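Step one of this worksheet: look at the structure below.
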Amino acid sequence: ELEEQYKKEKLNLEEDKSQLQQELENLKEELEDKLNTANQEIGRLQDLVRKSEQGLGSAEGLIASLQDSQERLQNELDLTKGRLKETKDALLNVEGELEQARQQHEETLAAMKEEEKLRVDRMAHDLEIKWTENLRQECSKLREELRLQHEEDKKSAMSQLLQLKEREKNAARDSWQKKVEDLLNQRFIQVVVCISSLSLFIAEASLRSELNHQHAAAIDLLRHSHHQELAAAKMELERSIDISRRQSKEHMCRITDLQEELRHREHHISDLDKEVQHLHENISALTKELEFKGKEILRIRSESNQQMRLHEQDLNKRLEKELDVMTADHLREKNIMRADFNKTNELLKEINAALQVSLEEMEEKYLMRESKPEDIQMITELKAMLTERDQVIKKLIEDNKFYQLELVNRETNFNKVFNSSPTVGVVNPLTKQKKKNDKSPTNRFVSVPNLSALESGGVGNGHPNRLDPIPNSPVHDIEFNSSKPLPQPVPPKEPKTFLSPPQSEASPVASPDPQRQEWFARYFTF
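Residue numbers for the sequence shown follow the working numbering, beginning at 431 and rising by one.
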């Protein structure tokens, strides 16, 4: 959980840092936009200068527009200063939020001390090394990236400004050269027009003189033939003279007018030259002012970048101090938790030893405990059952002795199965009768002759006390295998609960076990 909390704080710090970088980029974009607007304003002013050159009378409007643009730029500078103040206030608010987050983190750490005693000792050293190394690497990377970005921005801004200035100078030079060439062309055209008008006047004068000569010749030629038309010719001559005089007067007036117009044009050209010089001076002043504004903008940008860099350095130093304080607090808390853990471990060992001693005492008490009444009752019942079984065994032994005595008293009996010389005390009805030719001593003992077998053989001559043979008995089977031993008794799968049997079930004949009944039947078959 401490690692997650640390990661969350780290993410919050990175988000704040990214927000500050975004604000710096926004300020940079705003300043670039302002620079572009200033460049557009310069272009617009140049267009106004061109229009003023064309219109010849909008100098006051240009000055007013320049003043307005200067006021606008001043207002924009004031706005940028206000925005810088707002960013400073935002940074102060972010610092306050970081302080509040640090206080909340300390409170949460104080609340989580008791819950994180067991896991802190495992994770503390690795986390400390890893995160400090990661933070140092990230801080170094961010510093290097910011330094490279600032250098690239400076280089790009300087290159752009130089290119813009070169372009503006070239454009201004080309425009003024074009204007001077246009003015020279106009002046040359005016001079050419004047020269052409003068040449026309001279041609008219020469034409008039030629006409006079022709007219005189015609008069001389026609004087003899046209005496009657002399008066008319004189009248016409006078008219033509008057007309020529009028035309000459008109031409003279025209020449004077053209000369006055030429003087006026020259004066106008001189005025235009003065205006061009004045405009050149205005353009130089505007360029100087723009250079001053650009320098001021660059100075403001450098100051803002320096302030942001100083603020970033202060933030980094503050963060490093906070990290050092947090690491010291973390080490102190780790040592305290380790001491508490050792104390609790020793206390648990003591408790474990005490519990072990108490466990041994309880085991000893358990082993030395008194018998339960149920166990005592069970023991007495088992003892009673054992005595009853002993009595049953004794009774069976007495019955066996009784039947053996009965066999001893009847040893003169004979049948086909048993020999005439039986061995007293051995009853094995499963053994096969030994043949005369078989000399191998396989069966050393011979069972006692069976009275029922003797009676069935006809020796007793139908003795009224003859016993019936047991049906399906293996003794009467012709293919009886004497080498096969008796089956071993199978122990019961579950232990039987021996209870005291009633008096009527004491005899072995009335036993509920069928295997046991078969054994008794085989044993006591006579």
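All C-beta atoms, glycine included, are put in the ideal place defined by N, C-alpha and C.
This one's a predicted model, so the numbers in the text were calculated from it and none came from an experiment.
For residue i, the three-state DSSP class (helix, strand or coil)
i, result
"Met798", "coil"
"Asn873", "Caution is warranted here: a pLDDT of 44 is assigned to Asn873, below 50, making its placement in the model unreliable, and the coordinate value is therefore given only provisionally. Note: Asn873 maps to coil in three-state DSSP."
"Gln449", "helix"
"Glu434", "helix"
Residue of the options minimising C-alpha distance to residue i
i, options, result
"Val623", "Arg731, Lys560, Leu688", "Leu688"
"Arg739", "Leu443, Leu441, Lys447", "Lys447"
"Glu439", "Leu450, Leu630, Trp561", "Trp561"
"Ile727", "Glu444, Glu455, Tyr833, Glu460", "Glu460"
"Glu611", "Asp703, Thr774, Ser589", "Asp703"
"Arg675", "Glu705, Asn505, Ala635", "Ala635"
"Ser639", "Ser627, Ile625, Met665, Ile671", "Ile671"
"Trp606", "Leu441, Asp508, Asp477, Glu455", "Asp477"
"Glu804", "Leu716, Ala784, Leu812", "Leu812"
"Ser732", "Gln449, Met588, Asn505", "Met588"
"Arg566", "Ile806, Leu749, Tyr833", "Leu749"
"Arg513", "Glu453, Arg669, Leu465, Gln533", "Glu453"
"Leu592", "Gly724, Arg768, Tyr796", "Gly724"
"Glu630", "Lys464, Gln534, Glu828, Arg684", "Checking the sequence shown, residue 630 turns out to be Leu, not Glu. For the residues Lys464, Gln534, Glu828, Arg684, the minimum Cα distance to Leu630 belongs to Arg684."
"Leu716", "Ala468, Glu763, Glu529, Leu785", "Ala468"
"Ile713", "Leu441, Leu465, Leu450, Arg480", "Arg480"
"Lys609", "Val822, Arg799, Gln707", "Gln707"
"His741", "Asp508, Glu462, Val524", "Val524"
"Asp463", "Glu444, Leu441, Glu506", "Glu506"
"Asn642", "Glu668, Gln834, Glu793, Leu628", "Glu668"
"Glu445", "Glu705, Glu527, Ala758, Asp498", "Glu527"
Could you check whether the region 687–701 touches the region 593–607, counting it as contact only if at least three pairs of C-beta atoms, one from each stretch, sit closer than 8 Å?
no
When you compare the region 698–706 with the region 600–619, are there three or more beta-carbon pairs, one atom per stretch, that lie closer than 8 Å?
yes
At least 3 beta-carbon pairs within less than 8 Å: the region 715–723 vs the region 456–476:
Touching, yes, given that three or more Cβ pairs across the two stretches are closer than 8 Å.
Minimum length 4: unbroken alpha helix (DSSP H) runs contained in the region 663–731:
Within the region 663–731, no complete alpha helix (DSSP H) run reaches 4 residues.
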